[in-house]
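Only one structure is covered here, and it is reproduced in the block below.
Numbering (mature numbering (1 follows the signal peptide of the UniProt record, and there is no 0)), first residue to last: -26 to -1, 1 to 265.
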């Protein structure tokens, strides 16, 4: 297993190093926005209560001659149903979490100057990246996730759809006192696992109304034992939204201000199962300001 993990780190480091090399041409396209989403029906493992969260989002995506980059930072503020560390009675403002995601795609057809398209697939890419998070709860997670694997990029008349198969390696931390008991784990390297990821963004018009349907879905395989030596289960996360281009309708400025509704579907959150709060069904309200 140690040898396998070294391969994951090596492959991820190589792919990420490619993205760090000065690019030979300027960005061919880019999109940056500040987003906001809200729901009162989020959940957290081992917590029987629904949690209200305000989520502030910074997202950037851009392309260059041989690939593209994606960056997203979510700042999540919970209500007192998800208390911060030291607030056992839940009388404070709730916990704050930061979750960062970065992915780099290297488009192999462009790199090797050859046509790799087949059927509905227009390009094949190699994707690598990482997730990092921290949250000021008693659990005190410090997730470190590396992913690497192939991506099929589908040809659509407008927008995009990418299907990826990632090999994933994750380390994390548990600050709870029982995690430090003999035989348990405060710091844990999970078994390597796989992620099937589908991401999409499809613009369309409903009569005179410009809209887009966007989101992603992940199927994460089981990742071995958790901090208490219980077996994890596969995890499903789908986060999607239907947005209206309010900026185009109100100010004749397309792709500036979007508003809409979304939905978060999460089963076996973080691989947990058989306890409260591991399944989320949360309708959301969402805004995006692109600049």
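Using N, Cα and C, we set each Cβ at its ideal position, and we do this for glycine too.
According to DSSP, which residues form a beta bridge with residue i?
i	result
residue 92	95
residue 196	Answer by DSSP bridge pairing: none, since residue 196 is not bridged.
residue 27	13, 52
residue 73	48, 107
residue 255	239
residue 264	7
residue 43	36, 78
Please state the DSSP three-state secondary structure of residue i.
i	result
residue 114	coil
residue 220	helix
residue 68	coil
residue 37	strand
Could you spell out the range, first to last residue, of the alpha helix (DSSP H) harbouring residue i?
i	result
residue 235	Not the alpha helix (DSSP H): residue 235 falls in the beta strand (DSSP E), residues 231 to 241.
residue 85	82 to 85
Taking the C-alpha atoms as reference points, what is the distance between residue i and residue j?
i	j	result
residue 67	residue 57	7 Å
residue 229	residue 84	28 Å
residue 61	residue 82	51 Å
residue 276	residue 176	The structure shown does not extend to residue 276, since the chain is modelled only from -26 through 265, so no value can be given for it.
residue 165	residue 118	13 Å
residue 195	residue 30	29 Å
residue 108	residue 71	6 Å
residue 131	residue 65	51 Å
residue 169	residue 138	8 Å
residue 245	residue 204	10 Å
residue 33	residue 123	22 Å
residue 95	residue 167	25 Å
residue 100	residue 265	28 Å
residue 214	residue 201	31 Å
Start-end ranges of the beta strand (DSSP E) lying completely within the segment 109 to 190, minimum 3 residues: 118 to 128, 134 to 147, 161 to 163, 167 to 180
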